[in-house]
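Have a look at the structure below before the remarks.
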């Protein structure tokens, strides 16, 4: 693609409203051009392009990085933010120093814009952990004749790279993240590179906000913003102050038993350039069902940012007190309906939801559930749906009653109990 062909694409992407329908075609045309000029295809076999595991997270492969550029709004909003930040920093002939850490094979957020504005007084350091990416970026720089804007090419891990002692940057760009700041090393890259930022320098993205919610049908209740990655937080981390990456959430009084625990990501790339929920893979929400959290109003949920080579926030949910006995109720234990085995089946489900197994589990327990569903005339898929989705035993029995009104008749319940015990007895003989 010639510069004359590139310029209208870039101008459209940066000037257009944030609308996937508007920018999808120019974004894909841009990525197609970047692929042709760099020699790296986003459609290549993922098995032939490997990421790198670092001490602080995964540096995704060149092919994966290329595919990220295909997300229309993600690429558009980041390109808009980078362009706006550069324009705000350029004053006369004063040189603006930019560090782009984690360029991928295209340096998509910056190079196309620079190619359209080669007169800008900027000097750029391009850094990536993969040699293949830097070689691809060099081809793009040469193709668009913007070598005069490049100070240095660096192949290094951005979490531990150190520039020359005198080097300071006006803008540091790094989009090395996934939703909820999982897996990739965005946090640790900013922790390291913020040291080399000018006092009035800018990190891009400016803010990554992670929030926790109670979610139910058509409604959310905010628990809190549990982490905010911005310049100030990165500076605290650089001083080994870890207060930002550990803490405790308190579940609000509005909690309901069927609430999901939902986590969201919002990104302020730069000033008005923002990515909100659902606009890209970076802002997809993540929800944990109630049976996996055991939350209640006033519960305290400690959390910390762990880094077992794949970064993630770990939440320490309350333990289900109903599992404290480590044993199952007996087969003959009844709840409100008077039907045997119900309490035992529900308790087994609680253990399964926690990926645990009680000591008193019997080889006949599966047969017991099968016999019970046959007696009630409830298909197994309906049985398990009610069993796993009911927040408590009373709710489970209520759902069974809707499926089998005969449970309102004590004589019918007694007959079901007799048949169930007889079948279990024969099974054990």
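Residue numbers (my numbering): -5 to 423. All C-beta atoms, glycine included, are put in the ideal place defined by N, C-alpha and C.
Pairwise C-alpha distance: residue j and residue i
{"i": "residue 40", "j": "residue 126", "result": "Note that residue 40 has pLDDT 46, beneath the 50 cutoff, so the model's placement of it is unreliable and no number is given."}
{"i": "residue 414", "j": "residue 362", "result": "8 Å"}
{"i": "residue 52", "j": "residue 208", "result": "30 Å"}
{"i": "residue 372", "j": "residue 365", "result": "11 Å"}
{"i": "residue 18", "j": "residue 64", "result": "8 Å"}
{"i": "residue 35", "j": "residue 27", "result": "10 Å"}
{"i": "residue 58", "j": "residue 117", "result": "27 Å"}
{"i": "residue 367", "j": "residue 220", "result": "44 Å"}
{"i": "residue 301", "j": "residue 405", "result": "59 Å"}
{"i": "residue 394", "j": "residue 380", "result": "8 Å"}
{"i": "residue 102", "j": "residue 346", "result": "46 Å"}
{"i": "residue 10", "j": "residue 269", "result": "15 Å"}
{"i": "residue 230", "j": "residue 200", "result": "15 Å"}
{"i": "residue 412", "j": "residue 403", "result": "15 Å"}
{"i": "residue 258", "j": "residue 202", "result": "10 Å"}
{"i": "residue 392", "j": "residue 400", "result": "13 Å"}
{"i": "residue 325", "j": "residue 382", "result": "19 Å"}
{"i": "residue 234", "j": "residue 37", "result": "41 Å"}
{"i": "residue 248", "j": "residue 213", "result": "12 Å"}
{"i": "residue 72", "j": "residue 322", "result": "54 Å"}
Which residues DSSP lists as bridging residue i, in chain order
{"i": "residue 209", "result": "214, 254"}
{"i": "residue 53", "result": "46"}
{"i": "residue 241", "result": "297"}
{"i": "residue 201", "result": "262"}
{"i": "residue 221", "result": "204"}
{"i": "residue 91", "result": "117"}
{"i": "residue 306", "result": "300"}
{"i": "residue 334", "result": "328"}
Rounded Cβ spacing between residue i and residue j (contact assumed at less than 8 Å)
{"i": "residue 256", "j": "residue 281", "result": "4 Å"}
{"i": "residue 146", "j": "residue 170", "result": "Actually they do not touch by this definition, with Cβ atoms about 19 Å apart."}
{"i": "residue 289", "j": "residue 311", "result": "7 Å"}
{"i": "residue 299", "j": "residue 181", "result": "7 Å"}
{"i": "residue 75", "j": "residue 239", "result": "Actually they do not touch by this definition, with Cβ atoms about 24 Å apart."}
{"i": "residue 115", "j": "residue 87", "result": "5 Å"}
{"i": "residue 252", "j": "residue 385", "result": "6 Å"}
{"i": "residue 184", "j": "residue 223", "result": "7 Å"}
{"i": "residue 29", "j": "residue 133", "result": "Contact flag wrong, Cβ pair sits at about 11 Å."}
Close-in-space but distant-in-sequence residues of the same chain around residue i (CB under 8 Å, 5 per side omitted)
{"i": "residue 162", "result": "91, 190, 191, 192, 195"}
{"i": "residue 328", "result": "334, 336, 337"}
{"i": "residue 250", "result": "208, 210"}
{"i": "residue 179", "result": "48, 50, 51, 52, 53, 152, 153, 170, 305"}
{"i": "residue 419", "result": "none"}
{"i": "residue 142", "result": "112"}
Same chain only: Cβ atoms within 6 Å of residue i, ignoring 5 sequence neighbours per side
{"i": "residue 278", "result": "173"}
{"i": "residue 370", "result": "398"}
{"i": "residue 21", "result": "66, 69"}
{"i": "residue 242", "result": "294, 296"}
{"i": "residue 332", "result": "407"}
{"i": "residue 46", "result": "53, 123"}
{"i": "residue 186", "result": "153"}
{"i": "residue 340", "result": "387, 390"}
{"i": "residue 410", "result": "369"}
{"i": "residue 131", "result": "97, 101, 120"}
{"i": "residue 307", "result": "297, 299"}
{"i": "residue 417", "result": "365"}
CB contact check: residue i to chain B, cutoff 8 Å
{"i": "residue 201", "result": "The structure shown contains no chain B, having only a single protein chain."}
Neighbourhood of residue i by C-beta, 7 Å cutoff - its chain only, sequence neighbours within 5 removed
{"i": "residue 23", "result": "3"}
{"i": "residue 376", "result": "397"}
{"i": "residue 151", "result": "48, 123"}
{"i": "residue 254", "result": "209, 281, 282, 283, 284"}
{"i": "residue 216", "result": "205, 207"}
{"i": "residue 84", "result": "90, 114, 115"}
{"i": "residue 144", "result": "118, 120, 135"}
Residue i: CB within 7 Å of a non-hydrogen atom of the ligand ADP
{"i": "residue 144", "result": "For the structure depicted, the ligand ADP is absent and the ligand set is empty, with no information on it obtainable."}
(message) When you compare the region 137 to 149 with the region 106 to 119, are there three or more beta-carbon pairs, one atom per stretch, that lie closer than 8 Å?
(response) Touching, per the Cβ criterion.
(message) Whether or not the region 260 to 268 and the region 74 to 86 are in contact is what I'm after, with contact meaning three or more pairs of Cβ atoms, one per stretch, closer than 8 Å; do they touch?
(response) Under the Cβ criterion (8 Å, minimum of three pairs), the region 74 to 86 counts as touching the region 260 to 268.
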